[in-house]
Structures are given as C-alpha cells and as structure tokens.
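Chemist:
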RNA sequence: GCCCGGGUGGCGUAAUUGGUAGCCGCAGUCGACUUAAGAUCGACCGCCGUAAGGCAUGUGGGUUCGAGUCCCACCCCGGGCACCA
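In this note's numbering, the protein residues as written are 12 to 824.
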C-alpha cells in the first residue's frame with residue numbers, strides 16, 4: 012500500500028499526450044489489455060494473469076524510455092447488468108457502478124501500472140456518443156469494390172442520378188430501399204430466439220436444448236422458436252478480403268490467425284449457369300470444382316430459392332409442403348450434417364448441363380444453404396460425399412469424371428489435369444471465376460434495453476432520418492421486464508416510440524470495436540480522438556487478452572478500424588500489431604474456476620497472505636503465458652521464497668558495501684539481464700523468472716556491490732515492483748525505480764569463457780570435460796581422444812570425429 | 001469429418017530450434033543449526049541395477065555420426081469450424 016500510494020502521488024504512470032511527449036522526444040508505445048466486462052462476482056486469481064503480463068511489458072518499456080500508454084476501462088453494456096436490474100428493480104447503471112467499484116478495488120491491490128486518468132466506460136454517454144457517431148458514418152457509406160474502400164453514400168446517389176434514368180422517378184421510400192442494399196449499416200431480416208412463454212427475445216446463451224431436442228429458455232424451460240424480424244446489420248462482408256490479407260503482417264499467434272482465416276472462409280471457384288429446358292430461366296451455381304462439371308448428374312435448389320416460385324412445377328403441392336417444413340426447422344436442425352438427407356424432385360422441369368448438354372433433374376433440399384454461394388448447386392455425386400449420399404438415396408446416376416487428378420468422361424477436356432480444366436471449362440460454359448466467403452454480415456441489434464440506442468428515427472412515411480444531436484441518450488424506463496413483443500423494453504416507452512426511434516439497441520461488441528482509439532484522447536469533446544494523438548500513437552503495439560475473442564471482438568474491431576481508416580480517421584490499417592493470449596488459470600481440480608464448483612481462489616486472499624509481488628511472480632512463473640495451467644496454492648511458496656532471498660541478499664549487500672563484485676556473480680548478472688530483456692519481449696515470463704532465481708542463488712554465496720544489486724532490482728522490478736522499490740530507495744536512490752533506465756548488459760560479460768562439453772562415442776555420452784572457449788577444434792578433438800574414461804570405448808581407430816563448438820565431441824568408431 | 005495446437009519425472013515445467021534430456025520451482029528423503037518446532041543452509045531426488053552399465057520425452061517405424069526436436073503411420077488430450085458446394 013505504501014508504494015502504491017507513493018506511485019499515485021507522484022503520478023509515475025501518467026502517460027504524456029503527444030505534444031509534451033514529442034518535446035521530450037519520447038517514443039510512443041501502446042500496451043493494451045482487453046478491457047473487462049465488470050461482472051458482479053468479482054475476480055478470481057485467473058483474471059489478473061493477462062493484466063500482470065501486459066504490466067510487466069509496459070513497465071519494461073517505460074524504463075526503456077518510452078512514453079507508454081497503458082490504460083484500463085470498462086465494457087459495461089450487456090445482459091448481466093440488465094438482468095441484475097430486473098431482479099433488484101434498480102437502474103442497470105447502478106449495477107455497473109457497484110461492479111466497477113469492486114473491480115477497481117481488486118485490481119488496485121495488485122500494483123498494476125495503469126494511467127487511470129484515461130479510464131473509459133462504454134456506457135458513459137460521452138463515450139457512446141461516438142459509438143453512435145461511427146454507426147451513422149457506417150449508415151452513410153457504401154463499399155466501393157473497385158477502389159476497395161468505403162465512400163459516402165452521396166457519391167452513389169450522384170452516380171445513380173447520372174447513370175440511371177429511372178432513379179429520379181423513384182419515390183423517397185423506393186430510393187431508401189435501393190440504398191439500403193449498399194449502406195454499410197443496413198436494415199434486413201434476421202432470425203431471433205423468440206420465447207412466447209417469457210414474452211421476450213432471448214440471446215443464444217439464454218437458450219438451451221430441452222429433453223426432446225427442442226429449444227427452450229434457460230430460465231423456466233419455456234419453448235423457444237426462431238422467428239424473423241427486421242434488424243440492423245453491418246456489412247462486414249464488404250471488408251472480407253482486407254480482413255483476410257491484413258492478417259499476414261500481424262504478429263499474432265498463428266493458430267489465432269488460422270481461426271480468423273477459417274471464419275472468413277475465402278474460397279475461389281466458378282459461377283456458371285444451367286439453362287432450364289423450355290424456359291428463359293437459368294440456375295446459377297457456385298462451385299470450386301468446375302473440373303467435375305461433366306459429372307453433374309442433377310441439381311439442388313435451397314428451399315428458399317427465389318426461382319422456385321417462377322417454375323412450372325407439376326408436383327407443386329409436394330414441393331410446397333417440403334418448403335414449409337424446412338421453414339419451421341431451426342437453424343440447428345437444418346445444418347446438422349449427420350441427419351438424413353431429404354428432398355423433393357421437381358417434376359416437369361429439367362436443367363441442362365451446359366457442358367454435356369445432358370438433361371438433368373432438379374431437386375429442392377435443405378442440405379443446400381440459401382445464404383451461401385447462389386443458394387443452388389450442381390451435384391456431382393462421384394466427387395462429393397454429400398451429393399453421393401443424396402444420389403444413393405434417390406437412385407441417381409453417379410459418374411466418375413476425375414481419376415488421379417486427370418479428367419475422364421469429360422468430352423474434349425478428358426486428359427487435362429483438374430487444375431488446367433478449371434479455367435478452360437469455366438470459359439467454355441461462359442462462366443466466371445469468383446470468390447466467395449463463408450463469413451456473414453453481422454447482426455447489429457439486440458432486443459434489449461442496456462445498450463447504445465441506434466441514432467435514427469423514422470417518420471410517418473417510413474423515411475429514416477439521422478439524429479442530429481448526439482448522444483441519443485437511453486431514456487429511463489419504468490420496467491426492464493419483457494414487453495410481450497419481439498422487441499426490447501424501449502418499445503414500452505411511449506415518448507420513445509412516438510418519436511420514431513428504433514427500439515433495438517446495439518450489441519455488446521459495438522463499444523469494444525473502437526475503444527482502443529478513445530484511450531489515445533479520452534476526454535476529447537469534439538472528435539472521437541484528436542488527429543494529433545491518433546497520428547502520434549498510431550496503433551496498439553502489444554495487445555493482451557483471451558483467445559476466445561478471435562471471431563468476435565478482434566474481427567469486429569479490425570473491421571471498424573479499416574472503415575475508420577477509409578474515412579481518414581484511423582492512422583493505420585490494422586489496430587493490433589502484436590497480440591498475446593493468456594492461458595486460463597484452472598482450479599486445482601483441473602476444472603474452470605467457478606462459484607458453481609466452489610473452487611474459486613480469490614486474489615485478495617492470496618495477496619493478504621503472500622503479498623502482491625508473490626502473486627505476480629508466481630502467476631508469471633507457473634508456466635508459459637499462453638498455456639492453461641491449474642492453480643496450486645502449494646507451489647506459490649516458491650515465488651515467495653525467491654523474493655525473500657532477494658531481500659536477504661540486499662540486506663547483506665547494503666551492509667557490506669563491497670568494492671567489487673565477484674567474477675562469477677558479475678557474469679551471471681549480465682547473462683541474466685540479457686535473458687530477461689529478451690524474454691519479456693517475447694512474453695516468456697516463466698523462463699525470465701527462472702533465470703533470476705538462478706542468479707539469486709549464485710549471489711547468495713558471493714560478493715556483490717550495491718550498484719550491481721541495483722541492476723538486478725531493475726530487471727526484477729516489472730515483476731515485483733513493490734519490494735524492488737523498497738530496496739531501491741533503501742540502497743540510496745532518490746527517485747522511483749520506475750523512472751530509472753533499463754539496464755544494459757555487456758555482451759562480453761554475458762559470454763561464457765569455459766564450457767563443459769560432452770564426449771560421445773557413437774552418439775552415446777561417455778565422458779565430460781571442461782574446455783576454454785577459444786580452444787581450437789584440433790585441440791579439443793585431441794583432448795577428447797586422450798581422456799582415460801574414453802579409451803575403453805574405443806574399440807578401433809576413429810572413423811570420424813564430429814565437433815560441435817562448445818557442445819560436444821562425437822567419436823565414431 | 002476437416003483445420004490448428006499439444007503429449008517430457010510424483011506435480012508445474014526447461015531444453016540455445018538437429019547436439020550432454022530433465023534447468024527452475026513444488027512435493028519428498030537425509031543432514032547442519034535449534035532444548036524443540038518453524039525458518040534458513042547443505043546434499044540427494046526419471047526408471048531398473050550393489051555397481052559397471054542399461055533403459056527412458058504417447059506408440060511403432062524411418063532419416064542421421066547424433067532425434068524431445070525432422071519424415072511416415074497410429075493412439076490419446078485440448079481448441080476452432082462444421083451439409084459453406
């Protein structure tokens with residue numbers, strides 16, 4: 012507490028804004044934690060792990076002379092606060108306030124070096140004003156796929172006016188409808204979990220599967236059905252290629268990039284058309300395997316396919332029944348790959364294979380997804396397992412057209428490789444090469460109260476207007492209870508609906524998609540952040556947080572950042588240059604820490620018993636930062652012993668006032684400085700601490716000067732800031748250890764002069780010997796051969812002797 | 001099913017990326033100090049063996065003077081995606 016107060020009073024961790032920082036020629040460095048959702052239950056020992064890691068990094072960077080931005084804040088919109096409000100009949104902001112207080116208290120005793128003056132809270136109207144502002148920008152922009160950037164919707168309107176004669180004839184409502192297809196924030200229809208029993212829409216994690224496999228509400232077990240309602244979307248798919256290519260330059264864990272890559276799901280293929288016999292209509296399909304076109308023996312349309320209503324289907328009744336059935340299945344039922352495939356053949360209509368001219372059957376089946384590709388496929392049962400299963404069931408012909416990468420039974424294309432055939436067949440049938448993505452647009456609406464209001468209003472004619480004066484504040488409501496309609500509680504506020512405001516609010520990820528920019532200039536009233544500050548900080552240099560955000564927060568934040576880049580606001584293409592994921596800390600029983608299991612270990616208790624520095628050192632020492640590891644209150648004593656050893660050494664060193672440090676002690680010190688400097692940069696905190704432990708145990712037996720002691724204190728200080736500060740000042744320093752410069756190591760001293768090398772005979776270690784670092788290869792070999800312990804293994808003359816410098820000699824006989 | 005990680009002492013882990021496997025820590029054993037306990041310090045601590053030595057990094061093969069590390073096949077654990085054509 013003493014040092015925490017001292018740091019606070021001296022404003023040690025205050026970040027300079029760009030002006031003064033530039034005057035002092037300080038380099039910016041931005042170390043960021045994923046800001047937390049302040050939940051009511053408080054922290055367990057697993058939570059601070061990431062914060063400690065980033066804190067160690069930030070502290071080193073500060074000592075390296077950087078102007079470090081290391082802020083903290085709260086992502087406080089969301090469901091739990093709303094549920095708390097319903098239960099306790101208070102405003103959700105009361106719940107937030109309470110939780111933030113607990114959170115801050117728990118965090119502060121760990122000794123983290125945040126600049127709290129830059130704290131932000133997503134629920135603060137001064138903050139969400141800018142979240143709404145960005146939303147309006149998205150609404151007012153479209154994506155120009157030629158220029159590959161967002162452009163004002165005004166430009167598009169101008170273009171329409173110029174190029175399209177009909178445009179001016181359209182009504183305002185019709186124009187709105189057309190533009191909706193281009194806006195980056197647009198209104199569309201999406202499925203929600205509607206629970207008639209509770210009279211409310213439920214989030215996915217409030218819905219579970221009941222006994223008979225049907226969806227029920229977590230609370231009360233009422234039936235839940237999927238219904239479609241009008242909702243706001245963000246056109247993230249427009250940025251799919253940039254989100255994908257941007258990954259390359261990032262220093263992120265490769266598996267995380269892989270997850271994002273798969274999520275975006277780029278695939279290159281061909282779009283080709285199948286004519287329908289005796290009709291003008293054509294069926295457009297997307298395929299990554301045009302080379303198998305000659306093997307397409309039937310086609311399948313998704314039940315929702317628009318073409319179905321235009322075809323003259325003889326067995327329409329049967330088809331209609333199937334379509335209706337499909338509509339009532341949940342998304343989960345629809346996409347379950349294990350279930351049996353069903354479908355209906357459309358009688359009276361036939362498609363023509365554009366390559367072979369063959370007439371083929373058309374089916375409707377729900378194994379084809381309406382919202383991927385074109386909602387229709389050419390089925391090649393010989394080369395696709397799903398088509399194969401379907402063909403077997405319906406007795407359809409199966410024709411093999413590729414064998415060992417070469418086409419067969421494919422007319423003039425037979426003999427070509429699949430690779431060559433793709434281009435040629437696509438051209439042959441007048442198709443085109445296209446790129447599709449699995450990623451879908453993001454639903455940007457929740458039927459909840461506790462979120463940012465959408466700053467648009469609709470007049471009596473149905474025309475949308477922007478809210479001029481932001482923020483559009485959440486109105487107070489009497490009740491957060493469900494309204495009985497598939498809308499949020501705002502639908503029950505007459506003053507709100509009368510003005511035509513949207514009753515859905517933004518999803519939880521809205522505020523977290525740009526907060527890292529706000530930290531750069533958190534109090535700016537005119538802009539989301541000032542240009543000078545944005546240009547100075549550029550991007551987050553090191554970002555620390557959980558891997559579970561790969562396809563959520565990280566992707567959305569990158570999307571918004573790229574959009575803001577297009578607007579000329581964000582100063583870089585990518586927001587998070589380097590990323591590290593902390594692993595989970597599990598309970599001693601190997602399960603997740605949870606109230607439910609009663610296995611939660613509270614950091615407050617650990618700090619009360621062992622001290623904050625011990626907690627910090629132990630959490631960094633447990634194992635690799637990224638790995639999930641079980642907590643062990645038994646093992647923590649090792650970290651405490653290490654710190655006590657440092658303390659004892661310091662007492663001795665300060666008392667003895669030695670004039671010189673011993674040779675061994677000096678060498679190990681420089682080796683350790685080098686290792687710690689590198690290990691912190693690569694987030695290998697566990698090996699860094701191990702190295703300092705080795706140094707301490709060597710030092711305990713030797714002589715060390717006060718000035719060398721100080722060097723060890725400095726490299727230890729990011730991990731154990733309290734104890735090192737205490738000793739640092741006791742050793743005669745006047746200013747905080749935080750303000751001292753990170754030690755430099757001597758490359759010369761960090762090098763070993765003597766090596767213990769192994770002597771192997773036929774690859775097996777038979778002896779060891781010590782050699783000087785500069786001994787020549789010849790001499791080492793000679794020395795090895797002359798070792799007595801070796802002679803008994805030399806059954807003949809050496810065929811070959813291998814020498815690996817300062818490692819080993821291997822004698823092959 | 002597909003795509004990523006990973007499997008090393010009783011436990012958490014380390015190994016300069018093809019070069020002495022087990023650093024550091026926890027637990028444990030013995031000893032010193034102490035009237036005693038604790039703390040601290042010292043020694044030991046993969047398995048078999050009195051020893052010499054042999055065997056050991058999930059399993060089985062391979063490449064190499066040399067493999068925890070590279071290649072092939074398989075088993076197990078964790079994560080992601082999943083009827084995406």
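Beta carbons are placed, not taken as given, at the ideal position from N, Cα and C, and that holds for glycine.
For clarity, every value in this text was computed on a predicted model and none was experimentally measured.
According to the neighbour-count rule (16 or more other Cβ atoms, all chains shown, within 10 Å of its Cβ), is residue 308 buried or exposed?
Modeler: Reading the first chain from its first residue, position 297 is the one you call residue 308. By the neighbour-count rule (16 or more Cβ atoms within 10 Å), residue 308 is buried.
Chemist: Assuming residue 294 contacts residue 285 under a Cβ cut-off of 8 Å, what Cβ separation, rounded to an integer in Å, is found between them?
Modeler: In the first chain, residue 294 corresponds to position 283, counting from 1. In the first chain, residue 285 corresponds to position 274, counting from 1. Sure, about 5 Å apart at Cβ, within 8 Å.
Chemist: Return the Cβ separation of residue 243 and residue 387 in integer angstroms, given the expectation that the two are a contact with Cβ distance under 8 Å.
Modeler: As a working mapping, residue 243 is identified with position 232 in the first chain. As a working mapping, residue 387 is identified with position 376 in the first chain. Contact flag wrong, Cβ pair sits at about 28 Å.
Chemist: With C-beta atoms as the reference, is residue 42 less than 9 Å away from residue 72?
Modeler: Within the first chain, residue 42 is the residue found at index 31, counting from 1. Within the first chain, residue 72 is the residue found at index 61, counting from 1. A contact, by the Cβ cut-off of 9 Å.
Chemist: Between the alpha carbons of residue 46 and residue 271, how many angstroms are there, rounded?
Modeler: Your numbering for residue 46 matches position 35 in the first chain. Your numbering for residue 271 matches position 260 in the first chain. Rounded to whole angstroms, residue 46 to residue 271 spans 21 Å at the Cα level.
Chemist: Compute the distance between the beta-carbons of residue 748 and residue 756, then report whether it is under 9 Å.
Modeler: For the purposes of this step, residue 748 is identified with residue 737 of the first chain, where counting begins at 1. For the purposes of this step, residue 756 is identified with residue 745 of the first chain, where counting begins at 1. Going by C-beta atoms, residue 748 is not nearer than 9 Å to residue 756.
Chemist: Which word fits residue 58, buried or exposed, when buried means at least 16 other C-beta atoms lie within 10 angstroms of its C-beta?
Modeler: The residue given as residue 58 occupies position 47 in the first chain. It counts as buried.
Chemist: Are the stretch 138 to 151 and the stretch 456 to 471 in contact at 8 Å, needing three or more beta carbon pairs?
Modeler: Contact holds: three or more Cβ-Cβ distances are below 8 Å.
Chemist: Mind checking which residues open and close the alpha helix (DSSP H) that includes residue 156?
Modeler: Against the first chain, residue 156 aligns to sequence position 145. From DSSP, residue 156 is part of no alpha helix (DSSP H); its letter is neither H nor E.
Chemist: Report yes if the CB atom of residue 450 is closer than 9 Å to the CB atom of residue 280, and no otherwise.
Modeler: One-based indexing of the first chain puts residue 450 at position 439. One-based indexing of the first chain puts residue 280 at position 269. For residue 450 and residue 280, no; Cβs fall outside 9 Å.
Chemist: Could you tell me which whole beta strand (DSSP E) segments of length 3 or greater appear in the stretch 451 to 504?
Modeler: Fully enclosed beta strand (DSSP E) runs of 3 or longer: 467 to 469 and 475 to 477.
Chemist: What residue does the alpha helix (DSSP H) around residue 230 start on, and which one ends it?
Modeler: As a working mapping, residue 230 is identified with position 219 in the first chain. Element bounds for residue 230: n/a, residue is neither H nor E.
Chemist: Evaluate residue 685 with the Cβ neighbour count: other Cβ atoms within 10 Å of its Cβ, from every protein chain shown; 16 or more gives buried, anything less gives exposed.
Modeler: What you label residue 685 is simply residue 674 of the first chain in a count that begins at 1. Residue 685 comes out buried.
Chemist: For a quick check, are the C-beta atoms of residue 675 and residue 713 less than 9 Å apart?
Modeler: Sequence index remark: in the first chain, residue 675 carries index 664 (1-based). Sequence index remark: in the first chain, residue 713 carries index 702 (1-based). In contact: residue 675 and residue 713 (Cβ atoms closer than 9 Å).
Chemist: Exposed or buried, what is residue 265 when buried is set at 16 or more other beta-carbons lying within 10 Å of its beta-carbon?
Modeler: To locate residue 265, count along the first chain from 1; it is residue 254. Exposed, since its Cβ has fewer than 16 Cβ neighbours within 10 Å.
Chemist: Quick one: Cα of residue 473 to Cα of residue 173, how far?
Modeler: Numbered from 1 along the first chain, position 462 holds the residue referred to as residue 473. Numbered from 1 along the first chain, position 162 holds the residue referred to as residue 173. About 26 Å.
Chemist: Alpha carbon to alpha carbon, what distance is there between residue 593 and residue 823?
Modeler: Residue 823 sits at position 812 when you count from the first residue of the first chain. Residue 593 sits at position 582 when you count from the first residue of the first chain. Their backbone Cα atoms lie some 46 Å apart in a straight line.
Chemist: How many whole angstroms separate the CB atoms of residue 427 and residue 418, which I take to be in contact at a CB cut-off of 8 Å?
Modeler: As a working note, residue 427 is residue 416 in the first chain. As a working note, residue 418 is residue 407 in the first chain. Indeed, because the Cβ distance is near 5 Å, the residues count as touching under 8 Å.
Chemist: Classify residue 591 as helix, strand or coil using the three-state DSSP reduction.
Modeler: Mapped onto the first chain, residue 591 falls at position 580. Of the three classes helix, strand and coil, the one that applies to residue 591 here is strand, per DSSP.
Chemist: On the criterion of 16 or more Cβ atoms from any shown chain inside 10 Å, does residue 19 qualify as buried, or is it exposed?
Modeler: As a working mapping, residue 19 is identified with position 8 in the first chain. With fewer than 16 Cβ atoms within 10 Å of its Cβ, residue 19 is classed as exposed.
Chemist: Decide if residue 528 is buried, meaning its Cβ has at least 16 other Cβ atoms within 10 Å, or exposed.
Modeler: Position 517 of the first chain holds residue 528. Counting Cβ neighbours within 10 Å, residue 528 comes out buried, since at least 16 surround it.
Chemist: Beta-carbon within less than 8 Å of residue 488's beta-carbon, same chain only, minus the 5 sequence neighbours each way: which residues are those?
Modeler: Here residue 488 corresponds to residue number 477 of the first chain, with the count starting at 1. Here the set comprises 460, 500, 501, 503 and 504.
Chemist: Can you tell me which of the three DSSP states residue 415 falls into?
Modeler: The count along the first chain starts at 1 and reaches residue 415 at position 404. Coil at residue 415, not helix or strand.
Chemist: Helix, strand or coil for residue 552, going by three-state DSSP, please let me know.
Modeler: Here the question's residue 552 lines up with position 541 in the first chain. If DSSP states are grouped into helix, strand and coil, residue 552 belongs with the strands.
Chemist: Do you know whose CA, among 13, 85, 788 and 137, lies nearest residue 535's CA?
Modeler: Numbered from its first residue, the first chain carries residue 535 at position 524. Among 13, 85, 788 and 137, the Cα nearest to that of residue 535 is on 137.
Chemist: In three-state DSSP terms, what is residue 249?
Modeler: Here residue 249 is taken as the residue at index 238 of the first chain, counted from 1. Here residue 249 sits in helix by DSSP.
Chemist: How many Å lie between residue 680 and residue 722 at the Cα?
Modeler: Here residue 680 refers to the residue found at position 669 of the first chain. Here residue 722 refers to the residue found at position 711 of the first chain. If you take the alpha carbons of residue 680 and residue 722, they lie about 8 Å apart.
Chemist: Just the C-alpha distance for residue 128 and residue 62, rounded to the nearest angstrom, thanks.
Modeler: Taking the first chain and counting its residues from 1, the one referred to as residue 128 is at position 117. Taking the first chain and counting its residues from 1, the one referred to as residue 62 is at position 51. Roughly 18 Å between the two C-alpha positions.
Chemist: Please list the segments of the alpha helix (DSSP H) lying wholly inside the stretch 736 to 787, counting only runs of 4 or more residues, in order along the chain.
Modeler: Qualifying alpha helix (DSSP H) stretches, in chain order: 758 to 761.
Chemist: Between 548, 625, 664 and 638, which lies nearest to residue 648 when the distance is taken from Cα to Cα?
Modeler: As a working note, residue 648 is residue 637 in the first chain. If we check each option's Cα against that of residue 648, 625 comes out closest.
Chemist: Mind listing, in chain order, the continuous alpha helix (DSSP H) runs of no fewer than 4 residues lying wholly within the stretch 523 to 573?
Modeler: Listed in chain order, they are 526 to 529 and 542 to 548.
Chemist: Can residue 791 and residue 813 be called in contact, C-beta distance under 9 Å?
Modeler: For the purposes of this step, residue 791 is taken as the residue at position 780 of the first chain. For the purposes of this step, residue 813 is taken as the residue at position 802 of the first chain. Against a cut-off of 9 Å, the Cβ pair of residue 813 and residue 791 comes out as no contact.
Chemist: Residue 121: which of 543, 447, 629 and 550 sits nearest, CA to CA?
Modeler: One-based indexing of the first chain puts residue 121 at position 110. When only C-alpha atoms are compared, the closest one is 629.
Chemist: Give the straight-line distance between the Cα atoms of residue 118 and residue 68, rounded to the nearest whole angstrom.
Modeler: For the purposes of this step, residue 118 is identified with residue 107 of the first chain, where counting begins at 1. For the purposes of this step, residue 68 is identified with residue 57 of the first chain, where counting begins at 1. The alpha-carbon atoms of residue 118 and residue 68 are separated by roughly 17 Å.
Chemist: Can you say whether residue 750 is buried or exposed, counting buried as having 16 or more other CB atoms within 10 angstroms of its CB?
Modeler: Translated into positions along the first chain, residue 750 becomes position 739. Exposed, since its Cβ has fewer than 16 Cβ neighbours within 10 Å.
Chemist: Determine the extent of the alpha helix (DSSP H) in which residue 656 is found, giving its start and end residues.
Modeler: Numbered from 1 along the first chain, position 645 holds the residue referred to as residue 656. Here the alpha helix (DSSP H) through residue 656 covers 648 to 667.
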